[in-house]
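Novice: Using the numbering used here, the first residue of the sequence shown is number 113, and each one after it goes up by one.
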Amino acid sequence: QVQLVESGGGLVQAGGSLRLSCARSGSMSTISLMGWYRQAPGKQRELVAAVTLGGSTNYADSVKGRFTISRDNAKNTVYLQMNSLIPEDTGVYYCTARVVGVYYWGPGTQVTVSS
(Lines of atoms letter the chains of each structure in order from A; the text may use other names.)
(Lines give C-alpha, C1' and ligand atoms only; values in the text may rest on other atoms or scores of the structure.)
Protein backbone atom coordinates (compact mmCIF):
# COMPACT_ATOMS: atom_id res chain seq x y z
CA GLN A 113 0.00 0.00 0.00
CA VAL A 114 1.05 3.53 -0.77
CA GLN A 115 -0.21 6.47 1.26
CA LEU A 116 -0.26 9.96 -0.19
CA VAL A 117 -0.90 13.21 1.66
CA GLU A 118 -1.28 16.54 -0.08
CA SER A 119 -0.57 19.94 1.45
CA GLY A 120 -0.26 23.55 0.36
CA GLY A 121 -3.78 24.33 -0.77
CA GLY A 122 -5.63 27.45 0.24
CA LEU A 123 -7.28 30.65 -0.85
CA VAL A 124 -5.42 32.97 -3.20
CA GLN A 125 -6.30 35.93 -5.38
CA ALA A 126 -6.19 35.69 -9.14
CA GLY A 127 -2.65 36.17 -10.35
CA GLY A 128 -1.18 34.68 -7.22
CA SER A 129 0.79 31.50 -6.66
CA LEU A 130 0.58 28.34 -4.59
CA ARG A 131 2.84 25.36 -4.22
CA LEU A 132 1.30 21.98 -3.56
CA SER A 133 3.25 19.11 -2.06
CA CYS A 134 2.45 15.42 -1.96
CA ALA A 135 4.34 13.19 0.43
CA ARG A 136 4.38 9.46 -0.03
CA SER A 137 4.70 6.84 2.68
CA GLY A 138 4.07 3.15 3.06
CA SER A 139 5.30 0.75 0.42
CA MET A 140 8.64 1.67 -1.06
CA SER A 141 7.86 -0.06 -4.32
CA THR A 142 8.96 1.94 -7.30
CA ILE A 143 6.51 4.60 -8.36
CA SER A 144 6.61 4.88 -12.12
CA LEU A 145 4.46 7.99 -12.33
CA MET A 146 3.17 10.69 -10.02
CA GLY A 147 0.74 13.38 -10.88
CA TRP A 148 -1.90 15.87 -9.94
CA TYR A 149 -5.56 15.84 -10.86
CA ARG A 150 -8.21 18.36 -9.95
CA GLN A 151 -11.96 18.35 -9.67
CA ALA A 152 -14.05 21.48 -9.83
CA PRO A 153 -17.61 21.52 -8.46
CA GLY A 154 -19.94 19.75 -10.86
CA LYS A 155 -17.12 18.64 -13.14
CA GLN A 156 -15.18 15.47 -13.72
CA ARG A 157 -11.75 14.95 -12.29
CA GLU A 158 -9.12 15.99 -14.84
CA LEU A 159 -5.39 15.58 -15.23
CA VAL A 160 -3.38 18.68 -14.39
CA ALA A 161 0.19 17.43 -14.63
CA ALA A 162 2.20 14.24 -14.34
CA VAL A 163 5.85 13.27 -14.14
CA THR A 164 7.44 9.89 -14.77
CA LEU A 165 10.27 8.28 -12.85
CA GLY A 166 12.58 9.38 -15.65
CA GLY A 167 11.46 12.98 -15.40
CA SER A 168 9.20 13.25 -18.43
CA THR A 169 6.31 15.62 -17.82
CA ASN A 170 2.83 16.08 -19.22
CA TYR A 171 0.51 19.03 -18.65
CA ALA A 172 -3.07 19.91 -19.39
CA ASP A 173 -3.25 22.59 -22.06
CA SER A 174 -5.02 24.93 -19.65
CA VAL A 175 -2.04 25.04 -17.27
CA LYS A 176 0.91 24.94 -19.65
CA GLY A 177 3.29 27.80 -18.99
CA ARG A 178 1.75 28.48 -15.57
CA PHE A 179 2.18 25.24 -13.61
CA THR A 180 5.31 23.19 -13.05
CA ILE A 181 5.44 19.67 -11.68
CA SER A 182 8.55 18.25 -10.11
CA ARG A 183 9.49 15.28 -7.97
CA ASP A 184 12.14 14.62 -5.40
CA ASN A 185 12.70 10.88 -5.45
CA ALA A 186 14.94 11.01 -2.39
CA LYS A 187 12.15 12.64 -0.37
CA ASN A 188 9.36 10.64 -1.99
CA THR A 189 7.60 13.89 -2.72
CA VAL A 190 6.03 15.50 -5.75
CA TYR A 191 5.35 19.21 -6.08
CA LEU A 192 3.08 21.38 -8.16
CA GLN A 193 4.11 25.01 -8.48
CA MET A 194 1.11 27.02 -9.62
CA ASN A 195 1.63 30.56 -10.88
CA SER A 196 -0.68 33.12 -12.48
CA LEU A 197 -3.67 31.40 -10.94
CA ILE A 198 -7.10 32.10 -12.36
CA PRO A 199 -10.56 31.41 -10.88
CA GLU A 200 -10.94 28.46 -13.26
CA ASP A 201 -8.12 26.73 -11.36
CA THR A 202 -10.39 26.39 -8.34
CA GLY A 203 -11.03 22.85 -7.23
CA VAL A 204 -9.86 19.97 -5.11
CA TYR A 205 -6.39 18.86 -6.15
CA TYR A 206 -5.54 15.20 -5.80
CA CYS A 207 -2.13 13.61 -5.85
CA THR A 208 -1.80 10.24 -7.54
CA ALA A 209 0.94 7.67 -7.81
CA ARG A 210 1.15 4.65 -10.08
CA VAL A 211 2.80 1.53 -8.65
CA VAL A 212 2.93 -1.62 -10.77
CA GLY A 213 -0.07 -0.42 -12.73
CA VAL A 214 -2.16 0.46 -9.68
CA TYR A 215 -3.10 4.08 -9.02
CA TYR A 216 -3.18 5.38 -5.47
CA TRP A 217 -4.80 8.65 -4.45
CA GLY A 218 -4.44 11.19 -1.69
CA PRO A 219 -7.47 12.70 0.07
CA GLY A 220 -7.12 15.99 -1.81
CA THR A 221 -6.45 19.60 -0.95
CA GLN A 222 -8.71 22.55 -1.73
CA VAL A 223 -7.48 25.36 -3.95
CA THR A 224 -9.68 28.42 -4.26
CA VAL A 225 -8.79 31.31 -6.55
CA SER A 226 -10.80 34.48 -6.03
CA SER A 227 -11.34 37.02 -8.78
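All C-beta atoms, glycine included, are put in the ideal place defined by N, C-alpha and C.
Return the CA-CA distance between T142 and E118, expressed in angstroms with no decimal places.
Specialist: Straight through space, the alpha carbons of E118 and T142 are spaced by roughly 19 Å.
Novice: Per DSSP, what kind of secondary structure is S226 in: helix, strand or coil?
Specialist: strand
Novice: I'd like to know whether the C-beta atoms of W148 and I181 end up nearer to each other than 9 Å.
Specialist: yes
Novice: Is S174 helix, strand or coil by DSSP?
Specialist: helix
Novice: Going by the beta-carbon positions, is the gap between C134 and V190 smaller than 9 Å?
Specialist: yes
Novice: Leaving out the 5 sequence neighbours to the left and right, which residues in its chain are closer than 7 Å to A186 when beta-carbon positions are compared?
Specialist: none
Novice: Look at the alpha carbon of P153 and the alpha carbon of G203, and state the distance between them as a whole number of angstroms.
Specialist: 7 Å
Novice: Does the Cβ of G213 have 16 or more other Cβ atoms within 10 Å, making it buried, or fewer, making it exposed?
Specialist: exposed
Novice: Below 8 Å on the Cβ atoms is my guess for Y205 versus R150; work out the distance and round it to an integer in Å.
Specialist: 5 Å
Novice: Looking at T221: is its Cβ nearer than 9 Å to the Cβ of G120?
Specialist: yes
Novice: CA-CA distance, L145 and C207?
Specialist: 11 Å
Novice: Please tell me whether V160 and V225 are closer than 9 Å, where the distance is taken between their beta carbons.
Specialist: Between V160 and V225, the C-beta spacing is not below 9 Å.
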